[in-house]
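Undergrad:
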Amino acid sequence: MLLHDRSTTAGSVSGVIAIIFLVGQQLAIFFGLLNYMSILVDYSGADIWIVTKKTNNINSAGTLPVRYIDRIIGLEGIEWAEPIIISAGLLKRPNGNYQPVQIAGIKRPRMAGGPWHFYQGSLASLLDAQGISLDLLDFSALGDPKIGDVFEINEQKVRLNVTTLNMRGFGGIIVFTNIDKARDISKFQPDRCSSILVKVTDPKNIDKMKTQLKQILPNLEVIRSNKLSRLTRLYYIQNTGIGGSFGFTTIIGALVGVVIIALTMYTNVLNKQKDYAVLRALGARKKDVLVIVIYQSIFIALIGIVVGFSLLALFVLFTKDSNLPSYMPLWVPPVHAFFTLLLCMFGSLLAMQRAIKIEPASAFR
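For the sequence shown, position 279 (counting from the first letter as 1) is numbered 279 according to this note's numbering, and the numbering increases by one without interruption.
1. My output table needs one value for T164: the three-state DSSP class, helix, strand or coil.
2. Taking DSSP's pairing of strands, which residues face V222 in a bridge?
3. What span of residues does the alpha helix (DSSP H) with Q189 cover, start to end?
4. When you compare each of G96, S87, Y119, R71 to N57 by their alpha carbons, which one comes out closest?
5. Could you tell me whether the Cβ atoms of R233 and S38 are closer together than 7 Å?
6. At the level of alpha carbons, what is the spacing between A18 and T340?
7. How many Å lie between T8 and G32 at the Cα?
8. Do G62 and I84 count as a contact pair if the criterion is CB distance below 7 Å?
9. Is the beta carbon of M265 less than 7 Å from the beta carbon of A351?
10. Counting pairs of Cβ atoms below 8 Å between the stretch 194-211 and the stretch 147-159, do you hit three or more?
11. According to DSSP, R159 sits in a beta bridge with which residue or residues?
12. Any idea what DSSP makes of P65, helix, strand or coil?
13. Would DSSP call T55 helix, strand or coil?
14. Spatial neighbours of Y235 within its chain, please: C-beta separation below 7 Å, excluding the five flanking residues on both sides.
15. When DSSP builds the beta bridges, which residues end up paired with N178?
16. List, from N- to C-terminal side, the beta strand (DSSP E) runs of 3 residues or more that fit wholly inside the stretch 219-279.
17. With distances taken Cα to Cα, identify the nearest neighbour of H336 among I251, I69, A277.
18. Buried or exposed: P6, going by 16 or more other Cβ atoms within 10 Å of its Cβ?
19. Please classify S322: does DSSP put it in a helix, a strand, or coil?
20. Using a 10 Å radius around the Cβ and a threshold of 16 neighbouring Cβ atoms, would you call D138 buried or exposed?
21. Can you find the residues in the same chain that come closer than 7 Å, C-beta to C-beta, to V222, ignoring five residues on each side of it along the sequence?
22. Identify which residue in R224, G308, K208 has its Cα closest to the Cα of V41.
23. Can you tell me which of R108, R110, I103 puts its alpha carbon nearest to the alpha carbon of S133?
24. Once DSSP output is grouped into helix, strand and coil, what is the label at S194?
25. Alpha carbon to alpha carbon, what distance is there between Q120 and L66?
26. Threshold first: 3 residues or longer. Then list the beta strand (DSSP E) segments lying entirely within the stretch 284-317, N to C.
27. Would you mind reading off the limits of the alpha helix (DSSP H) that contains L213?
28. Give me whichever residues DSSP pairs with Q99 in a beta bridge.
29. Please state whether DSSP places I358 in a helix, a strand or coil.
30. Could you pull the DSSP bridge partners for A81 from this structure?
31. Exposed or buried, D135, counting other C-beta atoms within 10 Å across all chains shown (16 or more means buried)?
32. I need the straight-line Cα distance from P325 to W80, nearest angstrom please.
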């Protein structure tokens, strides 16, 4: 039946492809934006962040004394503890305009919390007193600078020493530099920082160490990196409307696919009423007819899933390291495919109801 009425089958397959691709590309962009929101936390290399009280995202942390590091660095189970400064600034472009940037100041020589995906240069290049990093994806907005070019951030002279690749923040351009230069740019006091990064020697003892640090520093928040990442993402989702926007678009994509599947499957049954009637006249039961329709839905779903995910894979591949954020966690495709299969079955309900109501006598009319 599927091969005989190819146009109707193609319509149903198109509905499945619409669900897979439209919903999938929205999810890929959504997860890409989520990575941007918490990129400084996720790739910091730290297990624990020590921040000020009531910090609900990495960019809203206050300031705390650097001397607190002396209280915790000697504890058994601590591999290292380093300060970091996260602040905002204005970078003066060659044409005289200003570009908002997010500054991340990291301490020499370890440079914990620094860049990790390099296009030109390395961490050692940020040891220079005025050295900064810029991301290759932001070069067009900055006049296509070159290594060694000089800029001003908050009226402080800086030099481009490092080019990173696909390391962008949700708020825009991330500039890494050493913590001393970050203090000058951000007007931080010499003895203060935004947060303290802590690396634990044994990952199994993170919770135990977190409790111990909380006892030593009761006036601060001691948060696991993965929790701070979730808090940061949740903050932006709730306060920017991005969750509602992508959620609405995803639902619309799913509905479009379901409507296409429902209409084409229903049309398929209408066009083959006599075929189903002949089956009934030959002794097929209603549940036999129902099984035929269900099998058709499954075959259509599988074909659409294969084609849809192939197109989605190409989308993710070609948008990698581009200005369009896209990322697909490994657990998303199986879940997406499962729910798509359920939607296909749901879209076929109308056709199923029509098919089992066909009477055998209609074959002789």
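By construction, the Cβ of each residue, glycine as well, lies at the ideal position given by its N, Cα and C atoms.
TA: With the given structure in hand:
1. For the purposes of this step, residue 164 is taken as the residue at position 164 of the sequence shown. Residue state, collapsed to three classes: strand.
2. Sequence index remark: in the sequence shown, residue 222 carries index 222 (1-based). DSSP output for V222 lists I50 as bridge partner(s).
3. Indexing the sequence shown from 1 puts residue 189 at position 189. That residue, Q189, is in no alpha helix (DSSP H); it is neither H nor E in DSSP.
4. Position 57 of the sequence shown, counted from the first residue, corresponds to residue 57. Nearest C-alpha to N57: S87.
5. What you label residue 233 is simply residue 233 of the sequence shown in a count that begins at 1. What you label residue 38 is simply residue 38 of the sequence shown in a count that begins at 1. For R233 and S38, yes; Cβs fall inside 7 Å.
6. Taking the sequence shown and counting its residues from 1, the one referred to as residue 18 is at position 18. Taking the sequence shown and counting its residues from 1, the one referred to as residue 340 is at position 340. When only Cα atoms are considered, A18 and T340 end up about 10 Å apart.
7. For this step, residue 8 is matched to residue 8 along the sequence shown. For this step, residue 32 is matched to residue 32 along the sequence shown. Rounded to whole angstroms, T8 and G32 show a C-alpha spacing of 36 Å.
8. The residue labelled residue 84 in the question sits at position 84 within the sequence shown. The residue labelled residue 62 in the question sits at position 62 within the sequence shown. Their beta carbons are not under 7 Å apart, which means I84 does not touch G62 by this criterion.
9. In the sequence shown, counting from the first residue as 1, residue 265 sits at position 265. In the sequence shown, counting from the first residue as 1, residue 351 sits at position 351. At the C-beta level, M265 and A351 come within 7 Å of one another.
10. By the criterion of at least three beta-carbon pairs nearer than 8 Å, the stretch 194-211 is not in contact with the stretch 147-159.
11. Numbered from 1 along the sequence shown, position 159 holds the residue referred to as residue 159. Under DSSP, R159 takes part in a beta bridge, and its partners are G131, V150.
12. The sequence position of residue 65 within the sequence shown is 65, counting from 1. DSSP places P65 in the strand class (E or B) of the three-state scheme.
13. Position 55 of the sequence shown holds residue 55. Correct three-state label for T55: coil.
14. Within the sequence shown, numbered from 1, the residue matching residue 235 stands at position 235. Only N56, N57 meet the Cβ criterion.
15. Looking up residue 178 in the sequence shown gives position 178. Bridge partners of N178: I106.
16. When DSSP assignments are scanned along the stretch 219-279, the uninterrupted stretches of beta strand (DSSP E) that are 3 or more residues long and fall wholly within it turn out to be 221-224.
17. Position 336 of the sequence shown, counted from the start, is the residue given in the question as residue 336. Checking every option, the nearest Cα to that of H336 belongs to I251.
18. Taking the sequence shown and counting its residues from 1, the one referred to as residue 6 is at position 6. It is Arg, not Pro, that sits at residue 6 in the sequence shown. By the neighbour-count criterion, in which 16 or more other beta carbons inside 10 Å mark a residue as buried, R6 falls on the exposed side.
19. As a position in the sequence shown, residue 322 is number 322, starting the count at 1. Coil at S322, not helix or strand.
20. Residue 138 sits at position 138 when you count from the first residue of the sequence shown. Buried, by the Cβ-count rule.
21. Residue mapping note: residue 222 aligns to position 222 of the sequence shown, counting from 1. Residues I48, I50, K210, L213, K214 of the same chain have their beta carbon placed closer than 7 Å to that of V222, with the five preceding and five following residues left out of the count.
22. Here residue 41 refers to the residue found at position 41 of the sequence shown. With distances taken between CA atoms, V41 lies nearest to R224 out of R224, G308, K208.
23. Taking the first residue of the sequence shown as 1, we reach residue 133 at position 133. Of R108, R110, I103, the smallest CA-CA separation from S133 is found for I103.
24. For the purposes of this step, residue 194 is taken as the residue at position 194 of the sequence shown. The three-state reading of DSSP puts S194 in coil, since its state is none of H, G, I, E or B.
25. Residue 66 sits at position 66 when you count from the first residue of the sequence shown. Residue 120 sits at position 120 when you count from the first residue of the sequence shown. Residue identity check: residue 66 is Val in the sequence provided, not Leu. Whole-angstrom Cα-Cα distance: 31 Å.
26. Segments of the beta strand (DSSP E) lying fully in the stretch 284-317: there are none.
27. One-based indexing of the sequence shown puts residue 213 at position 213. Counting along the chain, the alpha helix (DSSP H) containing L213 begins and ends at 206-216.
28. Counting from one through the sequence shown, the residue named residue 99 turns up at place 99. L91, per the DSSP bridge assignment.
29. Taking the first residue of the sequence shown as 1, we reach residue 358 at position 358. DSSP places I358 in coil when its eight states are reduced to three.
30. In the sequence shown, residue 81 corresponds to position 81, counting from 1. The partner list for A81 (beta bridge, DSSP) reads V198.
31. Locating residue 135 in the sequence shown gives position 135, where the first residue counts as 1. Residue environment: D135 is assigned as buried (16 or more neighbouring CB atoms within 10 Å of its CB, all protein chains considered).
32. Start at 1 with the first residue of the sequence shown, and residue 325 comes out as number 325. Start at 1 with the first residue of the sequence shown, and residue 80 comes out as number 80. Here the C-alpha atom of P325 lies approximately 32 Å from the C-alpha atom of W80.
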